[in-house]
Amino acid sequence: MTAIYDYVFLTLKRAAAAQQALADQLKAAELPGGEVVGQFAPQLGWAGNEAAVLVRWPGGKAGEIDPVTGGYIVAGSQATRLTPTVRPVGAALPLAGGIYVHRWFEVETAATDEFVTLSGQGWAHFETLFDAKIYGLFKGEPNAAQRQAGVTPLLLLTRYGSHGVWEASRDPTTEAMQIFARRQQLTRRSWAASTRLI
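Position 33 of the sequence shown, counting from 1, maps to 343 under this note's numbering, and the rest follow consecutively.
Okay, structure coming up:
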């Protein structure tokens with residue numbers, strides 16, 4: 311059975327050491343049938359009091375995320391249900407160190423499978439050139455506005471050795487970036503933020 315995930319975007323209360331308080335909360339959290347795969351703290355693109363938590367449900371049936379969204383440190387939350395595509399595989403965990411770029415895409419729904427295929431083709435070359443590793447490409451559940459617009463959200467989670475590696479990887483002359491350029495033609499909108507794995 312394929313695992314499913316919850317991507318929980320959090321606004322934390324403005325307290326000293328908010329990220330550490332959240333980490334302590336997550337260590338104590340009981341998620342029957344689920345597990346916290348990663349906590350991500352902002353670097354670029356998010357406010358200082360924002361965070362994301364990735365929860366995996368290995369059995370394919372999601373449970374309650376109240377242990378993640380509750381607690382004194384959390385001021386607000388928004389969860390998106392995710393299904394993995396070609397990655398992650400099995401019980402893979404994010405690698406420590408470096409930065410994680412969370413890149414969301416809104417892709418024409420009819421072109422979602424092509425987008426995923428192009429991504430896998432590009433990664434084969436991309437990961438040999440740079441200190442970068444794709445953790446996962448996930449399909450999100452579209453909200454009402456996305457369904458009406460005919461788009462499907464996808465989340466790409468990529469670990470880079472540093473922001474410098476991310477910048478170098480934008481080189482448009484590489485085979486990978488040429489494949490990604492074709493992928494971009496299927497994309498209506500995208501946005502990204504860099505984070506660190508706690």
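For each residue, glycine too, the CB sits at the ideal point set by N, CA and C.
Predicted model, so just to flag it, every value in this text is computed and none were measured.
Around the Cβ of Ala362, are there at least 16 other Cβ atoms within 10 angstroms (buried) or fewer (exposed)? buried
**Item:** Sequence-distant residues of the same chain with beta carbon closer than 6 Å to Gly471, five excluded per side
**Value:** Gly408, Asp441
>> Can you look up Val426 in the DSSP assignment and give me helix, strand or coil?
In response: helix
* Using DSSP with H/G/I as helix, E/B as strand and the rest coil, what is Gln477? -> The question names Gln, but residue 477 is Glu in the sequence shown. Note: Glu477 maps to helix in three-state DSSP.
- alpha helix (DSSP H) containing Glu485: first to last residue? 485-494
| field | Distance CB(Leu336)-CB(Gln353) smaller than 7 Å | value | no
Can you pull the DSSP bridge partners for Lys443? Arg469
For Glu477, count neighbouring Cβ atoms within 10 angstroms of its own Cβ and tell me buried if that reaches 16, exposed if not. exposed
> Pick from Phe436, Leu403, Gly381: whose alpha carbon is nearest that of Ile508?
Replying inline: Leu403
(message) Buried or exposed, going by whether 16 or more other CB atoms sit within 10 Å of the CB of Gly344?
(response) buried
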